[in-house]
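Just so you know, we're using the numbering used here here: the sequence shown kicks off at 14 and counts up by one.
Notes follow the structure.
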Amino acid sequence: MKALVINCSPVRNGATAEIVKIVSEELSSRYDVKTVCIDDYKFEYCKGCRSCHKTAECVQSDDVDLL
């Protein structure tokens, strides 16, 4: 089983990063863990076009699919 741990803090080496590290280490004995920092990715705001309602995919080109 896989686990994704996301650091959503803009401070890369702050307290949240330390918590993310501890959680990742604890989970790694039971799961295949991927840890990411949200600041490393580019996300666009939803345009409200509703194209995804028909295709189940967003028309925008950003990093969502990488996660």
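Every residue gets a Cβ at the ideal spot worked out from N, C-alpha and C, and that includes glycine.
With a beta-carbon spacing of about 12 Å, residue 29 and residue 37 fall beyond the 8 Å limit used to define contacts. The beta-bridge partner set that DSSP reports for residue 45 consists of 15. Cβ-Cβ distances below 6 Å link residue 73 to 57 in the same chain, with the five nearest sequence neighbours on each side left out; the list follows chain order. In the three-state DSSP reduction, residue 59 falls in the coil class, being neither helix nor strand. Put simply, the backbone Cα of residue 25 is about 30 Å away from that of residue 70.
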